[in-house]
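Residue numbers (full-length UniProt numbering): 1 to 161.
Even for Gly, the Cβ is constructed at its ideal location relative to N, Cα and C.
Given the structure is predicted, the values throughout are model-derived calculations rather than measurements.
Beneath this line is the structure, given in structure tokens, with notes to follow.
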Amino acid sequence: CMMISFLTVWLANDFRYTIEFSTRTVLLSLPLATCYPIVLSVVSRHLSIKLRKRRELLEKQALMDPGLDLPNRRFFEQKMESAFRATRKKRIHSYLMLIDVDNFKKINDTYGHEVGDAVLSRISTILRECAGVKDVPARIGGDELAIIVNNSNNKLVIAMV
């Protein structure tokens, strides 16, 4: 916009100009002309990597419960659909365990939310420690946790379910 204004004033006042090129000017500008694409490429690559890392972080944050460091309901539902598909197609066993903390409201009301958060945190730690590599523990609600036990023929797991 500034450039258009400048050119309008320039032309309205009937300024004369000449374009002068010297060999020296052309030779001095060649490194800039050849380096510009390289610099642009490096900067673009750097920004692309930075953007990809930021997107990955945001995706992780969108699928995790920040208080318990467990996947949230959205992530859990995606994994549950995958487990159901695998059960139908490959005839493998998957189990769903739902965990509801009894009288959790009383804990919060009596001892405060910090203690309630500590209780949930401890339960989620136990859940993560007990989960196998292929299993998916998650927080699906306030005091509701769940775990998908994938591809297990373990008799202990079957007995627990």
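Apart from the five residues just before and just after residue i, which ones in its own chain have a Cβ nearer than 6 Å to its Cβ?
{"i": "Leu98", "result": "Ala146"}
Counting along the chain, where does the alpha helix (DSSP H) carrying residue i start and finish?
{"i": "Leu127", "result": "113-130"}
Which one of the options has the shortest CA to CA distance from residue i?
{"i": "Val101", "options": "Glu144, Thr110, Met80", "result": "Glu144"}
{"i": "Ile92", "options": "Leu28, Ser29, Ile148", "result": "Ile148"}
{"i": "Asp135", "options": "Leu40, Lys106, Arg52, Pro71", "result": "Pro71"}
{"i": "Ile123", "options": "Arg24, Asp69, Leu40", "result": "Asp69"}
{"i": "Thr125", "options": "Phe104, Leu57, Ala138, His46", "result": "Ala138"}
Starting from the C-beta of residue i, find all residues in its chain whose C-beta is less than 7 Å away, skip the five residues before and the five after it, and write them out in chain order.
{"i": "Ile140", "result": "Arg73, Phe76, Ala146"}
{"i": "Lys79", "result": "Val136, Ile148"}
Can you give me the start and stop residues for the beta strand (DSSP E) that residue i sits inside?
{"i": "Arg91", "result": "Here Arg91 belongs to no beta strand (DSSP E), and DSSP marks it neither H nor E."}
{"i": "Pro66", "result": "Careful: Pro66 lies outside any beta strand (DSSP E) and carries neither H nor E."}
{"i": "Val136", "result": "136-139"}
{"i": "Val101", "result": "Per DSSP, Val101 belongs to no beta strand (DSSP E) and is neither H nor E."}
Between residue i and the rest of its own chain, which residues show a CB-CB distance below 8 Å, the 5 nearest in sequence each way excluded?
{"i": "Ser94", "result": "Ala83, Phe84, Ala86, Thr87, Ile148, Val149, Asn150, Asn151, Ser152"}
{"i": "Asp117", "result": "Gly67"}
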